[in-house]
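Written below as structure tokens is the structure these notes are about.
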Amino acid sequence: MLSAILTVLLQAAAGAAVGKMGAAIGAGLAAIGAGMGIGKIGASAMEAIARQPEASGDIRSNMIVSAALIEGVAFFAVIVCILIVFV
């Protein structure tokens, strides 16, 4: 079933309009996924700081590094999708 759907999508992607639509959907999903991931990191960090206030500096720095890595991956995904649109 899944292979049939993928085959149809790949055949439809031969048209430029469908490829651009797919790139737009990919960019949107990358941004949504990054937002959800960073939100979960923030929520977990606040919960951890509430449990152990003395470790707030370490928790905060780890949260910032993790959020930066997620943001970098999301930025890369959005750039790839933009390149698909213009190339």
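UniProt numbering numbers the first residue of the sequence shown as 1 and each following residue consecutively. Glycine is no exception: its CB is placed at the ideal position from the N, C-alpha and C atoms.
Using the Cβ count rule (16 or more neighbours within 10 Å means buried), how would you classify residue i?
i	result
ALA27	buried
SER23	Reading the sequence as shown, one finds Ala at residue 23 and not Ser. Label assigned to ALA23: buried.
ALA30	buried
ALA34	buried
How big is the Cα-Cα spacing for residue i and residue j?
i	j	result
GLU71	ILE79	12 Å
ALA17	GLU47	45 Å
MET21	ILE82	11 Å
Quick one: residues in its chain with C-beta nearer than 8 Å to the C-beta of residue i, no 5 flanking neighbours on either side, listed in chain order?
i	result
ARG60	ALA45, ILE49
Hey, could you find the ends of the alpha helix (DSSP H) residue i is sitting in?
i	result
ALA67	56-86
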